[in-house]
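To keep things clear, I will list the structure first and then write my remarks on it.
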Amino acid sequence: MIDLLALLYPWTKSLHILAVIAWMAGLFYMPRLFVYHTERSTPGDAIDPVFQTMEEKLLRLIMNPSMIVTWIFGIVLLFTPQTGAGWDVLWVWTKLAAVGAMTWFHMWLAARRRDFVAGANTLTGRQHRMMNEVPTVLLVIIVLSVVVKW
Numbered sequence: 255m256i257d258l259l260a261l262l263y264p265w266t267k268s269l270h271i272l273a274v275i276a277w278m279a280g281l282f283y284m285p286r287l288f289v290y291h292t293e294r295s296t297p298g299d300a301i302d303p304v305f306q307t308m309e310e311k312l313l314r315l316i317m318n319p320s321m322i323v324t325w326i327f328g329i330v331l332l333f334t335p336q337t338g339a340g341w342d343v344l345w346v347w348t349k350l351a352a353v354g355a356m357t358w359f360h361m362w363l364a365a366r367r368r369d370f371v372a373g374a375n376t377l378t379g380r381q382h383r384m385m386n387e388v389p390t391v392l393l394v395i396i397v398l399s400v401v402v403k404w
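Heads up, the sequence shown is in our numbering, so the first residue is 255 and it goes up one at a time.
This is the structure:
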């Protein structure tokens, strides 16, 4: 099995990186959609369903699948010899904690989308803008963990 993982390493790593890029794009864009939805629409007006459709498609067609693929290939990489990963190194734990937080943020965004669908959004455009910084901080932690191995 280890030989197969070593043989597939370039493909596994490539698919993991592609999925991370797609997931991050969604995590950056969804809060921005929420800002526009909050500031330019009210529940039930003509553009409310347009925003809701955009948000749903982003979540269901891009963010959810890319999060799942990111996790699958990330776990496979954890068991691939070339990565230098293992449960005994700190960077694996910092990356895992940050990816866990990223997953929580993903779920938080999904819950906020449900608020818009129910006409119950209570956050301001400014609050959505502030939440837009969360994936950036987590991305920095993840990249530094993997590249610097701290």
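For every residue, glycine included, the Cβ atom is placed at its ideal position computed from N, Cα and C.
The model shown is predicted, which means the values in this text are computed figures rather than measured ones.
So what does DSSP say about residue i, is it helix, strand or coil?
| i | result |
| --- | --- |
| Gly280 | helix |
| Ile322 | helix |
| Ser268 | helix |
| Gly373 | coil |
| Met385 | helix |
| Ala364 | helix |
| Thr390 | helix |
| Gly338 | coil |
| Met343 | Inspection of the sequence shows that residue 343 is occupied by Val rather than by Met. Residue state, collapsed to three classes: coil. |
| Phe333 | coil |
| Lys349 | helix |
Compute the beta-carbon to beta-carbon distance between residue i and residue j, rounded to the nearest angstrom, for a pair I have assumed lies under 8 Å.
| i | j | result |
| --- | --- | --- |
| Thr324 | Thr266 | Incorrect: roughly 12 Å between the Cβ atoms, too far for contact. |
| Val400 | Trp345 | 7 Å |
| Glu310 | Leu287 | Not a contact, Cβ separation roughly 10 Å. |
| Leu292 | Thr378 | First, the residue type needs correcting, since residue 292 is Thr and not Leu in the sequence shown. Yes, Thr292 and Thr378 are in contact; Cβ-Cβ is about 6 Å, under 8 Å. |
Between which two residues does the alpha helix (DSSP H) containing residue i stretch?
| i | result |
| --- | --- |
| Leu313 | That residue, Leu313, is in no alpha helix (DSSP H); it is neither H nor E in DSSP. |
| Ser295 | Where Ser295 is concerned, there is no enclosing alpha helix (DSSP H), given that its DSSP letter is neither H nor E. |
(message) When you compare the segment 265 to 285 with the segment 387 to 399, are there three or more beta-carbon pairs, one atom per stretch, that lie closer than 8 Å?
(response) yes
(message) Taking contact to mean 3 or more Cβ pairs, one atom from each stretch, closer than 8 Å, check whether the segment 373 to 388 and the segment 286 to 304 are in contact.
(response) yes
(message) Quick check: the segment 258 to 277 against the segment 310 to 323, are at least 3 beta-carbon pairs closer than 8 Å?
(response) yes
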